[in-house]
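So the sequence shown is numbered by my numbering: it starts at 11 and just counts up by one.
Cβ coordinates follow ideal geometry from the N, Cα and C atoms, glycine included.
For clarity, every value in this text was computed on a predicted model and none was experimentally measured.
These notes are about the structure you will find just below.
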Amino acid sequence: MDVAVFAAGCFWGVEEYFLRLPGVRSTQVGYTGGKTLEPSYEQVCRTETGHAEAVRVEFDSNEISYAELLSHFWRMHDPSSYHRQGPDIGSQYRSAIFFTNEEQRQLAELSRSQKLAAGQKIVTEITALEKFWPAEDYHQQYLRKNPQAGCHIALPPLKENSA
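Laid out in structure tokens, this is it:
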């Protein structure tokens, strides 16, 4: 399995979006991109850590490529919005791609360059993944456990056997 890590606002909707894609085997929400060790949700919300709410996506590259995941990433959120997605405001909601290897870095930078060349304003950070801290258990697959909860992301249809 391959791994990709993305931040695109509140991690609940980002996780659910990726879970619905064929080829995605599992997800985990958490925190990355900051300096605080073992951050808590409360610390991240108070913007004390520098971390973003992020989603670790485990995927089968024979079924979905990293480039395809990037395409979904750009579609699912507003990459021109600085430290804000939907009603959520703060650096923890920033748009970011955390690459795990050189190929991912190159593909991420190429995809961002294509958006910029097309005249789109993009504020998405592209940075190496240093450490991913899993979020508290109650955040994992939150929208599956709490289907009435709000979400800033328009979700794709459920794939079979995903409920």
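| Item | Value |
| --- | --- |
| Exposed unless 16 or more other CB atoms sit within 10 angstroms - verdict on E113 | exposed |
| According to DSSP, residues forming a beta bridge with Y41 | E63, W143 |
| Nearest residue (CA-CA) to L168, options G33, P89, Q130 | G33 |
| Whether F229 touches A77 by CB criterion (8 Å) | An answer regarding residue 229 cannot be provided, because it is not within the stretch 11 to 173 covered by the chain. |
| Residues sharing a beta bridge with T110, DSSP | In DSSP, T110 forms no bridge with anything. |
| Buried versus exposed call for M11 [16 or more other C-beta atoms within 10 Å across all chains shown] | exposed |
| C-alpha distance - P97 paired with S81, whole-angstrom precision | 23 Å |
| Nearest-angstrom Cα separation, counted from N72 out to L117 | 17 Å |
| Exposure label - S105; buried when at least 16 CB within 10 Å | buried |
| Stretch pair the segment 121-138 + the segment 50-58: three plus CB contacts closer than 8 Å | no |
| Distance, P157 Cα to A173 Cα | Summary for A173: the model assigns pLDDT 49, below 50, so the residue's position carries little reliability; its value from the coordinates is reported in the next sentence. Going by the C-alpha atoms only, they are around 11 Å apart. |
| Length of the line joining the Cα atoms of K155 and A145 | 15 Å |
| Identity of the residue in G19, V39, G23 nearest V13 by Cα | V39 |
| Given R122 as reference, the closest of R94, D147, P89, L139 once Cα atoms are compared | P89 |
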